[in-house]
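Asks: Going by our numbering, the first residue of the sequence shown is number 5, and it counts up by one from there.
Every residue, glycine too, gets a C-beta built ideally from N, C-alpha and C.
Bear in mind that the values here come from a model prediction, so they are computed numbers and not experimental data.
Sending over a structure as structure tokens; questions will come in a sec.
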Amino acid sequence: MGEANCSVVSEFVFLGLSNSWAIQLFLFFFSCIFYVASLLGNFLIVLTVTSDPQLQSPMYFLLGNLSIIDLIFCSSTTPKMIYDLFRRHKTISFGGCITQIFFIHAVGGTEMVLLIAMAFDRYVAICKPLHYLTIMSPQKCILILVASWIIGFIHSVTQLSFVVDLPFCGPNELDSFFCDLPRFIKLACVDTYTLGFMVTANSGFISVASFLILIISYIFILVTVQKKSLGSLGKALSTLSAHVIVVVLFFGPLIFFYTWPFPTSHLDKFLAIFDAVITPFLNPVIYTLRNKEMKVAMRRLCSQFVNYNKIS
5 MGEANCSVVS
15 EFVFLGLSNS
25 WAIQLFLFFF
35 SCIFYVASLL
45 GNFLIVLTVT
55 SDPQLQSPMY
65 FLLGNLSIID
75 LIFCSSTTPK
85 MIYDLFRRHK
95 TISFGGCITQ
105 IFFIHAVGGT
115 EMVLLIAMAF
125 DRYVAICKPL
135 HYLTIMSPQK
145 CILILVASWI
155 IGFIHSVTQL
165 SFVVDLPFCG
175 PNELDSFFCD
185 LPRFIKLACV
195 DTYTLGFMVT
205 ANSGFISVAS
215 FLILIISYIF
225 ILVTVQKKSL
235 GSLGKALSTL
245 SAHVIVVVLF
255 FGPLIFFYTW
265 PFPTSHLDKF
275 LAIFDAVITP
285 FLNPVIYTLR
295 NKEMKVAMRR
305 LCSQFVNYNK
315 IS
């Protein structure tokens, strides 16, 4: 704690995405459109799942919570990025930077566990349909949800516990539009090579391990279905394809951030925008467009809303 008291940095400066006015204008409209669409799409999924009695199943329970996580995830960085686009001096307080890192890793860790739970849910539904409601009971679904948040919280707190007391006495510029651990650690006034490697490797290992678990589980499901009935393979592929797309979109940028040995600022920023803005928008689109029950339930919800307004 003695070293921490020497810290004189009270805020960090983001270098942002670009100095070009035209590019900033494009990014502003692009980010606003996708952010609003992400909020509306995920909120619509949550509202549909919670209000429609025909969607009261473990799969939709997990999907609704995934949308809640996406709402938090995109809101942890995107509003600040949009606000900073036309500001010459893009700053964030030390406490704000720590808070942003906490939410990114807590929500990201929670989403990893939830995606694994959704893969297990599809395995049970496809391979053990007669035992589905027993294995995926409401109590177990709530337990899975609580466990995912606890794991995400522990992951985030553990990461921050190694860096929150580092001394920062300058420089204070982050070549990004949000706070994350690799660049944050590099600004400390002490040698942080070992610490940076350990923190980055931790997030990288978790990302790669979770991704491999998910891909292997989907392959196992398809192999099991093919052995039982060739006629069910097409249906299983259709059901799992949406999950696989979401997994690749979510884990691809994360694995690149934490495992690629030759980081490039421009590519990092592009993938960060993709992960923060586009992926939370694509999740509801992918799940709704490829799910007939969700599309029917959303139309039913919209018609109920229209009829309510007519009566009022």
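Where P133 and R126 are concerned, what is the direct C-alpha to C-alpha distance, given to the nearest angstrom?
Replies: Mapped onto the sequence shown, residue 133 falls at position 129. Mapped onto the sequence shown, residue 126 falls at position 122. Their backbone Cα atoms lie some 10 Å apart in a straight line.
Asks: Residues bridged to V17 by DSSP?
Replies: In the sequence shown, residue 17 corresponds to position 13, counting from 1. Paired residues: T95, E177.
Asks: The ligand MN heavy atoms versus the CB of R126: any closer than 8 Å?
Replies: Within the structure as shown, the ligand MN is missing, as the structure has no ligands at all.
Asks: Alpha helix (DSSP H) containing M63: first to last residue?
Replies: In the sequence shown, counting from the first residue as 1, residue 63 sits at position 59. From DSSP, the alpha helix (DSSP H) with M63 extends over 62-79.
Asks: In terms of alpha-carbon separation, which member of Y262, L51, M122 lies closest to Y222?
Replies: Position 218 of the sequence shown, counting from 1, holds the residue named residue 222. Of Y262, L51, M122, the residue nearest in Cα terms is M122.
Asks: Using the C-alpha atoms, what's the distance from Q60 back to V53?
Replies: Position 49 of the sequence shown, counting from 1, holds the residue named residue 53. Position 56 of the sequence shown, counting from 1, holds the residue named residue 60. Each residue's Cα considered, the two are about 7 Å apart.
Asks: How long is the line joining the alpha carbons of L164 and S42, rounded to whole angstroms?
Replies: Looking up residue 164 in the sequence shown gives position 160. Looking up residue 42 in the sequence shown gives position 38. Looking at the two C-alpha atoms, the distance is approximately 28 Å.
Asks: Rounded to a whole number of angstroms, what is the C-alpha to C-alpha distance between S180 and C36?
Replies: Sequence index remark: in the sequence shown, residue 180 carries index 176 (1-based). Sequence index remark: in the sequence shown, residue 36 carries index 32 (1-based). Taking the CA atoms as reference points, S180 sits about 18 Å from C36.
Asks: Assuming T228 contacts L253 (C-beta within less than 8 Å), just tell me the rounded distance between them.
Replies: Position 224 of the sequence shown, counted from the start, is the residue given in the question as residue 228. Position 249 of the sequence shown, counted from the start, is the residue given in the question as residue 253. That belief does not hold up - the Cβ atoms of T228 and L253 are roughly 25 Å apart, past 8 Å.
Asks: For T228, would you say it is in contact with chain B, using Cβ-to-Cβ distances shorter than 9 Å as the test?
Replies: Absence of chain B from the displayed structure is noted, only one protein chain being present.
Asks: Could you give the distance in angstroms between the alpha-carbon of S14 and the alpha-carbon of I86?
Replies: What you label residue 14 is simply residue 10 of the sequence shown in a count that begins at 1. What you label residue 86 is simply residue 82 of the sequence shown in a count that begins at 1. Approximately 22 Å, taken between the alpha carbons.
Asks: Determine, using beta-carbon pairs with one atom in the region 23-38 and one in the region 107-120, whether at least three such pairs fall under 8 Å.
Replies: no
Asks: Between the alpha carbons of C131 and F77, how many angstroms are there, rounded?
Replies: As a position in the sequence shown, residue 131 is number 127, starting the count at 1. As a position in the sequence shown, residue 77 is number 73, starting the count at 1. Cα to Cα, C131 sits roughly 32 Å from F77.
Asks: Using the Cβ count rule (16 or more neighbours within 10 Å means buried), how would you classify V168?
Replies: Counting from 1 along the sequence shown, the entry for residue 168 is found at position 164. Under this definition V168 is an exposed residue.
Asks: Do you know whose CA, among V50, T82, P62, lies nearest F278's CA?
Replies: The residue given as residue 278 occupies position 274 in the sequence shown. The candidate whose alpha carbon is nearest that of F278 is T82.
Asks: Count the other C-beta atoms from every protein chain shown that fall within 10 angstroms of the C-beta of F209, then say buried if there are 16 or more, exposed otherwise.
Replies: Counting from 1 along the sequence shown, the entry for residue 209 is found at position 205. It is exposed - the Cβ of F209 has fewer than 16 other Cβ atoms within 10 Å.
Asks: Output the residue ranges of the alpha helix (DSSP H) runs that lie fully inside the region 135-188 and measure 4 residues or longer, sorted by chain position.
Replies: Taking only runs of at least 4 residues, the alpha helix (DSSP H) segments lying wholly in the region 135-188 are 136-139, 142-165.
Asks: For the region 241-302, list the alpha helix (DSSP H) runs that are entirely contained and at least 4 residues long, ordered along the chain.
Replies: 269-277, 283-293
Asks: Less than 9 Å separating the beta-carbons of A213 and F157?
Replies: Here residue 213 is taken as the residue at index 209 of the sequence shown, counted from 1. Here residue 157 is taken as the residue at index 153 of the sequence shown, counted from 1. No, they are not a contact pair.
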